[in-house]
């Protein structure tokens with residue numbers, strides 16, 4: 001008796017169904033028997049239309065019983081059988097569609113997916129009060145469900161953007177064991193770290209290139225010298241030679257071993 005994840009594939013159009021069982025081989029017998037009695041699923045209707053003989057059954061992965069839900073979610077996402085196959089749920093004990101995140105029902109190893117599919121990274125959707133609204137098996141799944149570009153979701157999850165379309169998106173692995181207060185603290189830290197990494201110090205220089213003064217940021221220089229920040233930025237980027245008689249350049253950082 002083998003426990004794990006299996007696939008049923010249509011030989012004609014190659015559409016697939018992914019399932020889980022603690023006894024994979026007997027599950028195939030059950031499917032064939034049930035398909036002759038009911039037509040209440042995409043899979044059974046397809047079996048009736050094409051004939052059971054036109055379906056292949058094979059094992060995708062053997063695993064422990066407590067890994068079945070997470071493995072099923074992974075394989076449904078990997079083979080995309082929810083959108084382009086016969087699966088009617090996203091897997092994991094019948095999670096239909098895009099379900100709300102629940103700390104008590106999602107396996108703790110939900111985000112521990114195979115590195116072979118880098119894009120399959122679970123995403124959590126929150127409102128601006130940090131109430132968790134939904135979870136998705138991947139950035140792409142989240143993008144499709146919300147009608148948002150996947151790049152914008154990734155930017156928000158990484159802390160580059162604060163929100164996206166009025167929502168906060170975060171990587172499941174980053175917050176899976178956190179309380180709401182811990183999530184808020186983590187997010188604020190994440191945003192601060194990103195901002196700190198993008199702030200460049202600048203030098204005010206003489207016509208000969210000697211440093212007259214150093215500023216932690218363009219904003220600081222603009223405030224102290226009463227200048228337009230965008231003009232200082234253009235000087236630093238070489239788009240302007242100077243602004244109001246001042247010359248600037250991005251400070252050179254010397255990395256010491």
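Numbering (UniProt numbering), first residue to last: 1 to 257.
Beta carbons are placed, not taken as given, at the ideal position from N, Cα and C, and that holds for glycine.
- Contact check between the segment 7-19 and the segment 56-71: three or more CB pairs, one atom from each, fall below 8 Å, which counts as touching.
- In this structure, the beta-carbon distance from residue 61 to residue 18 does not fall below 8 Å.
- Note that the C-beta distance between residue 212 and residue 233 is not below 8 Å.
- Annotated three-state conformation of residue 243 is strand, per DSSP.
- In the DSSP annotation of this structure, residue 170 is not part of any alpha helix (DSSP H); the continuous beta strand (DSSP E) holding it starts and ends at 168-171.
- Per DSSP, reduced to three states, the secondary structure at residue 3 is coil, with no helix or strand assignment.
- Nearest to residue 158 by C-alpha distance, out of 130, 169, 165, 149, is 169.
- Around the beta-carbon of residue 4, 16 or more other beta-carbon atoms lie within 10 Å, marking it buried.
- Counting only the Cα atoms, residue 43 lies some 14 Å from residue 27.
- Taken in chain order, the complete alpha helix (DSSP H) segments of 4 residues or longer contained in the segment 131-201 are 139-146, 150-157, 172-175, 180-198.
- When the alpha-carbon of residue 12 is set against those of 37, 36, 47, 154, the nearest one is in 47.
- At least 8 Å separates the beta-carbon of residue 137 from that of residue 124.
- Look at the beta carbons and you see the segment 186-201 not touching the segment 142-150: under three pairs across the two are nearer than 8 Å.
- For residue 127, the three-state secondary structure derived from DSSP is coil.
- Residue 175 counts as buried, since at least 16 other C-beta atoms from the protein chains shown sit within 10 angstroms of its C-beta.
- Of all alpha-carbon atoms in 68, 134, 164, 181, the one lying nearest the alpha-carbon of residue 21 is that of 68.
- If the five residues before and after residue 206 are omitted, its C-beta is found closer than 7 Å to the C-beta atoms of 212, all from its own chain and listed in chain order.
- Around the CB of residue 203, 16 or more other CB atoms lie within 10 Å, so the residue is classed as buried.
- Look at residue 216 here: in three-state DSSP terms it is coil, with no helix or strand label.
- Here DSSP, grouped into helix, strand and coil, assigns residue 16 to strand.
- By alpha-carbon distance to residue 134, the top candidate from 199, 154, 172, 163 is 172.
- Per DSSP, residue 50 is one residue of the alpha helix (DSSP H) stretching across 42-50.
- In the assembly as shown, residue 82 is a buried residue. Its beta-carbon has 16 or more other beta-carbons within 10 Å.
- For the options 91, 64, 250, the alpha carbon positioned closest to that of residue 216 is the one of 250.
- About 6 Å separates the beta carbon of residue 79 from that of residue 16, a gap short enough to meet the 8 Å contact definition.
- If you draw a straight line from the Cα of residue 247 to the Cα of residue 236, it comes to about 8 Å.
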